[in-house]
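As given, the protein sequences belong to chains A and B, one line each in that order. The numbering used here applies: residue 5 is where the first sequence begins, and numbers increase by one. The numbering used here applies: residue 5 is where the second sequence begins, and numbers increase by one. Note that the Cβ used here is the ideal one computed from N, Cα and C, for glycine as well.
Protein chains: 2
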Amino acid sequence: ESPLTLPISATGSGGMEALISNLVDTNDKVVVGINGAFGERASEMFKRRGAKVFEYHVAWGKPLDMEELAALSKDQFAKIIWAVHGETSTGVKNDIEALGQMKHESLLIADCVTSLGGVEVDMEGWGIDALLSGSQKCLSTPPGLSPVSVSTRCMEHLVEKPTSWYFDLNLVADYVLKGGPRRYHHTAPTSMIVALNESLRLILVEGLEQVIERHRRASLLLAYELGSRDISLLVDEKYRLEPLTTVQIPPKFIDNEAQIRRVLLEEFKIEIGGGLGPLQGKVWRIGLMGYNANEESVARLMEALDKVLV
Amino acid sequence: ESPLTLPISATGSGGMEALISNLVDTNDKVVVGINGAFGERASEMFKRRGAKVFEYHVAWGKPLDMEELAALSKDQFAKIIWAVHGETSTGVKNDIEALGQMKHESLLIADCVTSLGGVEVDMEGWGIDALLSGSQKCLSTPPGLSPVSVSTRCMEHLVEKPTSWYFDLNLVADYVLKGGPRRYHHTAPTSMIVALNESLRLILVEGLEQVIERHRRASLLLAYELGSRDISLLVDEKYRLEPLTTVQIPPKFIDNEAQIRRVLLEEFKIEIGGGLGPLQGKVWRIGLMGYNANEESVARLMEALDKVLV
């Protein structure tokens, strides 16, 4: 039901910037929930755009407290509440649905980069006014596009002429949505769009619910296998982002954790992520996204880990 | 010799915006040469960024008078002179070399979207301080990347913190150029970068001079063939942009020019461009770029035109 749903011709951070530069004017009040790197990034973009930014921080690895976030937004009469759905830097899934119920007059914008296509995202049902994602996570497309969706209500709040021409959603919407003679905004990255279209087709063929269930099962199996080896997860079960599992590096491997990741990559062709920000050197981030979210991938990883973690 | 030469993760207009948002602060003086749609676009981006923009206009289809452009820039003590090298909307090649000799203290920025890889571009020799291009023109890569290059002199004029985070060249340079532990800015569009790398490799294998010569010969043959059919070109020979030839639509075909382009596309699988802006309905734009710049393409087009233009 969103009138503007299309892939921005840039990677996920470009989609963030597109939404931000089209929704805020100088001195607009914005509340940003921050419990990881991508909340920080959104806040930085809002500040560069000249917004008055109120940051609500929670420790990395913990979920945002949506009551407190919504209360801050209400107290400040904020135009926008921004929150990450799947925080890629920590593996936390924030409860956007709860936030949507408490957002009051604010526009709720959700970063769904590591959630769309891997876990449930119900834009309308949850009261999300705009969201963005990335092509290369659960959608299984190469990186290079950022799908965004803007609700009818949110369209009314678009800035008339944002500082950015490239990301101007009014111009892009004119190009994409208006009838009449074909208009031109910028040259579309055609091969990426074909790739995204094919990825979405494959998701429809499998069935979105089945795809999400496959992510859930892969994630559960991974958690079980890690638990059986006494490796702890960073995030409480209730808030775990299924496509991205963050594990506490066992103390005896902390000192050579980068070396272990290198061996996994070079000898086993398996890439796992290191920690970011305050979690650097403390956690590993294991992605099970898109076509890679299956029990075989978990088995392959565990076999490799059993050889490497000795 | 440019310290920052890399593809921006966006299409050509994204590269324009990257250079503009990193080089101007509010109220900086900028002189823009305009003789087509892409000069207009640059001016619009500068204005949105808050620059004081002095536009120097010449009729679409005519080359910029570089003495007048340089004089305006000198009179205004402009920080930047912006000019299009290959104006894709008209097929005019502006004499950037001449402008470089007269730029005084200004930074000369050149839009080389439809010139790089198809005609000579001598960044250092011509005194260009920064340039941008697009992957999908003479470089024969799919659309989606914008190669840019910033000279040492120009690096000193980068804005410390541009409004755009996505296009922030200082952050991107930190990621791409600095030694030490790998930094992260945004996820790179990897498959596009692989494609660009392969395209550049193919140009090196053929030899850049040979590639440019191939563009020149294809363009000359096209002009000859069109001339022999009494079809006039829009641009004087001296200023013709070899990869893009703009023809005056013969009067008897003006009324159904769109239909002719449709037949060419549907029946002959040949796409030629319509006119933009004031040239709409008056000209056709014929691209001979990259792998398509050869005498066989010209022969195929002429064969089709001979059937269609009756």
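- Nearest Cα to residue 272 of chain B within the set B/242, B/303 and B/259: B/303.
- Residue 289 of chain A has A/250 and A/277 as its beta-bridge partners, per DSSP.
- Boundaries of the beta strand (DSSP E) harbouring residue 37 of chain B: 33 to 38, taken from the DSSP string.
- When the five nearest sequence neighbours on each side are left out, the beta carbons in the same chain lying within less than 6 Å of the beta carbon of residue 145 of chain A are those of 139, 199, 200 and 203, in order along the chain.
- In the structure shown, residue 258 of chain A falls within a coil segment according to DSSP collapsed to helix, strand and coil.
- Between residue 84 of chain B and residue 47 of chain B, the gap from beta carbon to beta carbon reaches 8 Å or more.
- Taking a Cβ-Cβ cut-off of 7 Å, the neighbours of residue 147 of chain B in chain A comprise 191, 192, 193 and 194, given in sequence order.
- Contact annotation for residue 140 of chain A against chain B: 191 [CB-CB distance below 7 Å, chain order].
- Shown here, residue 233 of chain B sits in coil according to DSSP, grouped into three states, outside any helix or strand.
- Taking 3 residues as the shortest admissible run, the segment 135 to 176 of chain A contains the following complete beta strand (DSSP E) segments, listed from N- to C-terminal end: 150 to 154.
- At a cut-off of 8 Å between C-beta atoms, residue 77 of chain A does not count as an interface residue with respect to chain B.
- For a Cβ distance threshold of 7 Å, residue set 168, 169 and 170 of chain B lies close to residue 21 of chain A, ordered along the chain.
- For the C-beta of residue 14 of chain A, the chain B residues within less than 7 Å are, from N- to C-terminus, 13, 14, 18 and 170.
- Here DSSP, grouped into helix, strand and coil, assigns residue 86 of chain B to strand.
- Under the 10 Å beta carbon count, residue 256 of chain B is surrounded by fewer than 16 other beta carbons and is classified as exposed.
- Sequence-distant Cβ neighbours of residue 31 of chain A in its own chain, meaning closer than 8 Å and more than five residues away, are 54, 55 and 56.
- In the three-state reduction of the DSSP assignment, residue 111 of chain A falls in the strand class.
- Per DSSP, reduced to three states, the secondary structure at residue 188 of chain A is coil, with no helix or strand assignment.
- Within the DSSP bridge table, the entry for residue 28 of chain B names no partner.
- Around residue 48 of chain B, the beta-carbon contacts reaching into chain A at under 8 Å are 169.
- For residue 194 of chain B, the secondary structure class from DSSP, reduced to helix, strand or coil, is helix.
- Relative to residue 136 of chain B, the option among B/130, B/129, B/119 and B/124 whose CA is nearest is B/119.
- If you check the CB distance, residue 141 of chain B and residue 247 of chain B come in under 8 Å.
- Around the CB of residue 131 of chain A, 16 or more other CB atoms lie within 10 Å, so the residue is classed as buried.
- Taking the Cα of residue 81 of chain B as reference, the smallest distance to any Cα among B/68, B/103, B/129 and B/35 is reached at B/35.
- Its Cα nearest to that of residue 116 of chain A, the residue A/151 stands out among A/128, A/220, A/151 and A/147.
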